[in-house]
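Taking it in order: structure first as structure tokens, then the write-up.
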């Protein structure tokens, strides 16, 4: 099992935060060609926790948000191209789910990853939609 790490964003050292943001930029903005505001302010919310994995670098990441209604949301799930298939994303999903407190956790999955998220107990909870020119589906996990 790969080593995973987590911390509230405000507790991260600047190098780790930089590497998390760099990876998100590399995957979403550069590789997937989505020009969007990744740095949306939600990373600095008091309940936000960053998760990452890698040996000496950040090779996979996601964030866990705590919503005002008491639910939680997983997002910004990204793994570097060279690290895909090594189980890093799955390890981070398991770590994030273990950290959740709410009986309801949501996410917006890229449609082609719906089955992958299903492995962790997420089920489609609405119609497919387009975000940044990529088909997505809303998904929910209920305890």
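Numbering (this note's numbering), first residue to last: 136 to 278. Beta carbons: idealized from backbone N, C-alpha and C, even for Gly.
Going by beta carbons, residue 234 and residue 246 fall outside the 8 Å limit. Of all C-beta pairs linking the segment 226 to 233 to the segment 138 to 145, three or more are shorter than 8 Å, placing the two stretches in contact. Within the model, the alpha-carbon separation for residue 167 versus residue 161 is close to 8 Å. The count of Cβ pairs closer than 8 Å, one atom from the segment 173 to 180 and one from the segment 252 to 272, stays below three, leaving the stretches out of contact.
Of the other Cβ atoms in all chains shown, 16 or more fall within 10 Å of the Cβ of residue 194; this residue is therefore buried. Annotated as proximal: residue 207 and residue 200, with beta-carbon spacing under 8 Å.
Counting along the chain, residue 165 sits inside no beta strand (DSSP E), nor does DSSP assign it H or E at all. Its chain contains 207, 276 as the residues whose beta carbon lies nearer than 6 Å to that of residue 240, once the 5 sequence neighbours on both sides are disregarded; these appear in chain order.
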